[in-house]
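Here's the structure, in structure tokens; my notes come after.
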């Protein structure tokens, strides 16, 4: 492989959920101290806070806000459920705007009480409904395909091909895709589809972690980079060949790591980032 | 949907693993009593037994042996590991022949210590290595794509498209595919790929169960048909439109059901089969 190791943290971003036990003040302070340059803010970290002021606090510490996590969850069997989802996504766009986040990651949703094709149509309609607001707020929307293990309740968009199709169909410079190695590493079409979204100019985000062998838990057992079987550097090569120059976002959900000292964990993240991304 | 409900058990097959607490004598006797017409035998059920005699016992009870489960697991980082796998698959072909099973289901394998493409190449080579023996024993080999959640250690073949590609590449009437709704229901290309393997004459098997919402365990929480979110009847329609006339095989791994009275469970299976397949 020709791709070089990363030698600094200038493109390293950490998601607040990765260090879930910390509030956002602590997270921002510690990330900055450790030389991390980017942060993706989860909406739960903003609960009850002045969002504009929080955005200023983040920037004052020298961190760049990469995105707001997360919007989506558009499908529902009822029209009122779908309208609620649209309203919530409009709020997320407003929050991103206040925070100064240039992008929202969309976990698109799925309702197990209806066929996947119906959920996909509702996702299309949901994104289309909030797109004018996103464009006027200059907030990008990144469709994140989720691993097929989450097709029941979290995402009817399971592959990058589907996310690319959806982004093309919506045909807006404000809609693109997020590539997360955890969700997509198994896909034989991954390289081709990464190249495709690069060509189309809608490769908006790149998320990293690892797939543990064995995986203990469907949701909360993501690994630190290098701990599992995902060819992370290979996928980074494909993403960079596709023209991506953005942040590498570390997004780890792990009840095991959350139970540990988060400062120690953050240093492990830095080391794993430099060795394995 | 135009597909009719099933009105009898003439195409119902149960995998011995589904009623794991029963030995094969008990399973065969109870399946026959309940009017089930087919059985797929897992190799663990044959351990320490006279295989030819077991085959006669099954047929004497009026059951048709649909397949032997399972061969595969070809990928390994070492040549000796790969040779062991080939030897084991040759033994499986011999066992199928003795049992009178016309087919072996292949769970193809994956080694997390090497890239998926390498594992896929080794799967191709492994099947090619045992194919002459399968042909001369008149035992079909059915490549079963497994859900991407098993791409780390169980199968580098995650979609029906990949299984179809592999079967076409091997180009033998003795190699085809097994469609299991649990592994494939999420795939937007499923209908197209079912039609494709039908056209190619290599749609060999059809397995049913359901995807529970939520799923408690990665391996042992499969649901009874109707208990989850898989559009089983829709998929049966696609399979039958593709010309498939074989058995509908009930394959459920469930520590929950295994802990219950297996006779009660078997009656639940019959009911779920007639209502939801």
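Residue numbers (my numbering), protein chains in the order written: chain A, 5 to 281; chain B, 5 to 281.
Glycine residues also receive a C-beta, built at the ideal position from the N, C-alpha and C atoms.
*Pull up the CB-CB distance for residue 70(A) and residue 42(A), whole angstroms please, since I reckon it's below 8 Å.*
5 Å
*State buried or exposed for residue 163(A), treating a residue as buried only when at least 16 other CB atoms are found within 10 Å of its CB.*
buried
*Closer than 8 Å, CB to CB, is residue 353(B) near chain A or not?*
Because chain B is modelled from 5 through 281, residue 353(B) falls outside the range shown and cannot be assessed.
*Consider the Cβ of residue 212(B): report whether some Cβ of chain A lies at a distance smaller than 8 Å.*
no
*May I ask you to list, following chain order, the residues of the region 165–187 of chain A that have a beta carbon less than 7 Å from some beta carbon of chain B?*
166
*asked:* I need the DSSP call for residue 74(B), collapsed to helix, strand or coil.
replied: strand
_chain B contact for residue 151(A) (CB, 8 Å cutoff)_ = yes
*Which full runs of the alpha helix (DSSP H) of 4+ residues lie inside the region 44–94 of chain A, going along the chain?*
55–64
*How is the beta strand (DSSP E) around residue 107(A) delimited, first residue to last?*
107–111
*Is the Cβ-Cβ distance between residue 130(B) and residue 161(B) less than 8 Å?*
no
*Going by Cα to Cα distance, which pick from 264(A), 46(A), 155(A) is closest to residue 108(A)?*
46(A)
*For chain B, is any of its Cβ atoms less than 8 Å away from the one on residue 17(A)?*
no
_For residue 185(A), report the span of its beta strand (DSSP E) as first-last._
Note, residue 185(A): premise wrong, no beta strand (DSSP E); alpha helix (DSSP H) at 185–188.
_What are the residues in the region 197–224 of chain B lying within 7 Å of chain A by C-beta distance?_
215, 217, 219, 222
*asked:* With a threshold of 7 Å on Cβ separation, who are the neighbours of residue 114(B) within its own chain once the five nearest residues in sequence on each side are excluded?
replied: 79, 120, 123, 155, 156, 157, 158, 159, 160
_Contact belief for residue 141(B) with residue 97(B) at Cβ below 8 Å, rounded distance in angstroms_ = 5 Å
_Presumed contact (8 Å Cβ cut-off) between residue 171(B) and residue 181(B), rounded CB distance_ = 6 Å
*Closest Cβ-Cβ distance between residue 162(B) and chain A: below 8 Å?*
yes
*Determine the extent of the alpha helix (DSSP H) in which residue 121(A) is found, giving its start and end residues.*
120–141
*Report yes or no: is there a C-beta of chain B within less than 8 Å of the C-beta of residue 110(A)?*
no
_Taking its Cβ as the centre, do 16 or more other Cβ atoms sit within 10 Å of residue 74(B), making it buried, or is it exposed?_
buried
*Quick one: any contact between the region 259–277 of chain A and the region 27–38 of chain B, if contact means 3 or more CB pairs under 8 Å?*
no
*In whole angstroms, what is the alpha-carbon distance linking residue 15(B) and residue 221(A)?*
36 Å
*What separation, rounded to the nearest whole angstrom, lies between the Cα atoms of residue 240(A) and residue 281(A)?*
7 Å
*Shorter than 8 Å from the beta carbon of residue 46(A) to some beta carbon of chain B?*
no
*Go through its chain and collect everything with a Cβ distance to residue 111(A)'s Cβ below 7 Å, but skip five positions before and after it.*
74, 76, 77, 148, 150, 158, 159
*Do residue 23(B) and residue 266(B) come within 8 Å of each other at the CB atom, strictly closer than that value?*
yes
*Just to confirm, are residue 94(B) and residue 33(B) a CB contact at a threshold of 8 Å?*
no
_Residues of chain B with CB closer than 9 Å to the CB of residue 79(A), please, in chain order._
Per Cβ cutoff of 9 Å: no residues; residue 79(A) is ~12 Å from chain B at best.
*Does the beta-carbon distance from residue 145(A) to residue 179(A) come in below 8 Å?*
yes
*Within the 8 Å Cβ cut-off, does residue 242(B) reach chain A?*
no
*Would you report the Cα separation of residue 246(A) and residue 204(A), rounded to the nearest angstrom?*
10 Å
*Return the chain-ordered ranges of every beta strand (DSSP E) run that is complete within the region 178–236 of chain A and spans a minimum of 3 residues.*
179–184, 207–212
*asked:* Could you compute how far the alpha carbon of residue 11(B) sits from the alpha carbon of residue 174(B)?
replied: 38 Å
*Give the residues of chain A in contact with residue 26(B), contact being defined as C-beta atoms less than 7 Å apart.*
Neighbours of residue 26(B) on chain A: none; closest Cβ ~28 Å, over 7 Å.
_Neighbour list for residue 233(A) in chain B, Cβ cutoff strictly below 7 Å_ = 116, 156
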